[in-house]
């Protein structure tokens with residue numbers, strides 16, 4: 001890829017995930033204020049993999065906003081694209097862990113600072129100075145952040161930047177599921193690389209069968225060069241050039257909760273694209289990508305939170321070796 005300052009720039013939500021963490025002496029649930037937000041989670045993992053990253057978004061000019069900025073900066077993420085809103089507070093999410101480690105989300109975002117990002121807030125030079133631009137659907141849920149996202153994608157595409165999209169469907173944040181489907185469809189139509197979860201594939205295609213669902217997306221959106229479908233602990237699938245590769249998930253146990261797992265997977269896939277490109281990929285290439293991404297995602301599920309829970313490449317490699325030995 002051509003020389004640019006940043007490997008990946010991402011736009012979207014940077015928020016506090018209040019994650020359940022035990023009970024008080026009175027038996028009340030305790031919640032830990034974990035820094036999160038899918039786009040920044042992706043960048044945090046990419047930083048662990050040695051990539052140069054920048055974030056575009058907005059937080060409140062409040063204590064939580066300052067906490068988030070400090071954590072992102074400590075992770076090595078460039079924050080020249082971060083803006084502060086003096087009138088709207090930082091977005092909060094309450095994440096309750098369900099049996100098996102899955103999550104239930106409640107958002108405090110009407111209003112929320114991340115959703116107040118406007119087109120005028122964008123660092124246009126930054127959008128042209130990256131190799132990959134990554135975004136999700138949460139910045140498409142309403143105005144002005146929808147217009148900001150659309151402008152950012154347009155500027156990045158005009159500069160020849162690869163576009164990455166993760167639907168990251170959160171139904172409570174949409175006025176209607178029809179609106180969610182329309183905006184996710186727009187995002188899919190922009191992207192070269194897509195990471196989509198099994199429930200999102202079902203939502204967009206009506207197909208529970210991965211192969212049939214992927215075929216529908218590839219027919220509707222021929223712009224997608226690499227389509228990755230994640231299935232939680234069951235593993236992941238890559239669809240590329242008319243071929244399909246599946247790799248089972250890492251099953252070493254110890255899962256606590258799944259926050260950030262999909263973002264970690266997404267980051268590892270983008271790291272693969274940065275290092276290998278999108279041309280002439282073999283089944284062995286795709287299998288190696290999925291195996292590394294699955295393992296990294298698994299490791300995040302063994303800790304609470306996301307940004308501070310990202311593994312190093314050495315930890316991923318060691319876990320891959322242990323999983324292979326156990327297998």
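In full-length UniProt numbering, the protein residues as written are 1 to 327.
We put the CB at the ideal spot given by N, CA and C, even for glycine.
Does the beta-carbon of residue i have 16 or more other beta-carbons within 10 angstroms, so that it is buried, or is it exposed?
{"i": "residue 15", "result": "buried"}
{"i": "residue 11", "result": "buried"}
{"i": "residue 190", "result": "buried"}
{"i": "residue 7", "result": "buried"}
{"i": "residue 335", "result": "Outside the shown range of the chain (1 to 327) lies residue 335, about which nothing can therefore be said."}
{"i": "residue 291", "result": "buried"}
{"i": "residue 23", "result": "exposed"}
{"i": "residue 222", "result": "exposed"}
{"i": "residue 295", "result": "buried"}
{"i": "residue 47", "result": "buried"}
{"i": "residue 37", "result": "buried"}
{"i": "residue 65", "result": "buried"}
{"i": "residue 209", "result": "exposed"}
{"i": "residue 279", "result": "exposed"}
{"i": "residue 178", "result": "exposed"}
{"i": "residue 206", "result": "exposed"}
Between residue i and the rest of its own chain, which residues show a CB-CB distance below 6 Å, the 5 nearest in sequence each way excluded?
{"i": "residue 180", "result": "174"}
{"i": "residue 5", "result": "129"}
{"i": "residue 94", "result": "18 and 106"}
{"i": "residue 297", "result": "261, 264 and 265"}
{"i": "residue 211", "result": "none"}
{"i": "residue 233", "result": "249"}
{"i": "residue 355", "result": "Lying outside 1 to 327, the shown extent of the chain, residue 355 is not represented and no answer is given."}
Spatial neighbours of residue i within its chain, please: CB distance less than 8 Å, with the 5 preceding and 5 following residues excluded, ordered by chain position.
{"i": "residue 119", "result": "144, 147, 148 and 151"}
{"i": "residue 21", "result": "30, 31, 32 and 304"}
{"i": "residue 241", "result": "281"}
{"i": "residue 172", "result": "105, 106 and 107"}
Which value, in whole angstroms, describes the spacing of the CA atoms of residue i and residue j?
{"i": "residue 239", "j": "residue 63", "result": "43 Å"}
{"i": "residue 106", "j": "residue 96", "result": "8 Å"}
{"i": "residue 258", "j": "residue 87", "result": "32 Å"}
{"i": "residue 218", "j": "residue 132", "result": "21 Å"}
{"i": "residue 182", "j": "residue 188", "result": "10 Å"}
{"i": "residue 327", "j": "residue 52", "result": "Reliability of the predicted coordinates at residue 327 is poor, the pLDDT of 45 falling under 50, and the value obtained from them is presented with this limitation in mind. Going by the C-alpha atoms only, they are around 35 Å apart."}
{"i": "residue 138", "j": "residue 176", "result": "13 Å"}
{"i": "residue 186", "j": "residue 224", "result": "12 Å"}
{"i": "residue 201", "j": "residue 229", "result": "8 Å"}
{"i": "residue 58", "j": "residue 104", "result": "24 Å"}
{"i": "residue 72", "j": "residue 40", "result": "8 Å"}
{"i": "residue 236", "j": "residue 299", "result": "15 Å"}
{"i": "residue 226", "j": "residue 113", "result": "32 Å"}
{"i": "residue 251", "j": "residue 285", "result": "22 Å"}
{"i": "residue 135", "j": "residue 26", "result": "42 Å"}
{"i": "residue 322", "j": "residue 287", "result": "18 Å"}
{"i": "residue 302", "j": "residue 74", "result": "22 Å"}
{"i": "residue 255", "j": "residue 314", "result": "20 Å"}
{"i": "residue 162", "j": "residue 156", "result": "8 Å"}
{"i": "residue 220", "j": "residue 184", "result": "13 Å"}
Helix, strand or coil for residue i per DSSP?
{"i": "residue 76", "result": "coil"}
{"i": "residue 32", "result": "strand"}
{"i": "residue 300", "result": "helix"}
{"i": "residue 216", "result": "helix"}
{"i": "residue 40", "result": "helix"}
{"i": "residue 327", "result": "With a pLDDT of only 45 at residue 327, under the threshold of 50, the placement of this residue in the model should not be trusted, and no figure is reported."}
{"i": "residue 132", "result": "strand"}
{"i": "residue 53", "result": "strand"}
{"i": "residue 223", "result": "coil"}
{"i": "residue 161", "result": "coil"}
{"i": "residue 317", "result": "helix"}
{"i": "residue 81", "result": "strand"}
{"i": "residue 170", "result": "coil"}
{"i": "residue 113", "result": "helix"}
{"i": "residue 231", "result": "coil"}
{"i": "residue 26", "result": "coil"}
{"i": "residue 149", "result": "helix"}
{"i": "residue 137", "result": "coil"}
{"i": "residue 208", "result": "coil"}
{"i": "residue 305", "result": "coil"}
{"i": "residue 60", "result": "strand"}
Going by beta-carbon coordinates alone, are residue i and residue j separated by less than 8 Å?
{"i": "residue 54", "j": "residue 76", "result": "no"}
{"i": "residue 262", "j": "residue 195", "result": "yes"}
{"i": "residue 35", "j": "residue 308", "result": "yes"}
{"i": "residue 271", "j": "residue 68", "result": "no"}
{"i": "residue 193", "j": "residue 154", "result": "no"}
{"i": "residue 84", "j": "residue 61", "result": "yes"}
{"i": "residue 90", "j": "residue 13", "result": "no"}
{"i": "residue 310", "j": "residue 44", "result": "yes"}
{"i": "residue 198", "j": "residue 243", "result": "no"}
{"i": "residue 126", "j": "residue 9", "result": "yes"}
Verify the contact flag: residue i, CB atom, against every heavy atom of the ligand HEM, threshold strictly below 7 Å.
{"i": "residue 273", "result": "Within the structure as shown, the ligand HEM is missing, as the structure has no ligands at all."}
Which residues in the same chain have their Cβ closer than 7 Å to the Cβ of residue i, if we skip the five residues on either side of it in sequence?
{"i": "residue 293", "result": "236, 265, 268 and 269"}
{"i": "residue 122", "result": "56, 148, 151 and 152"}
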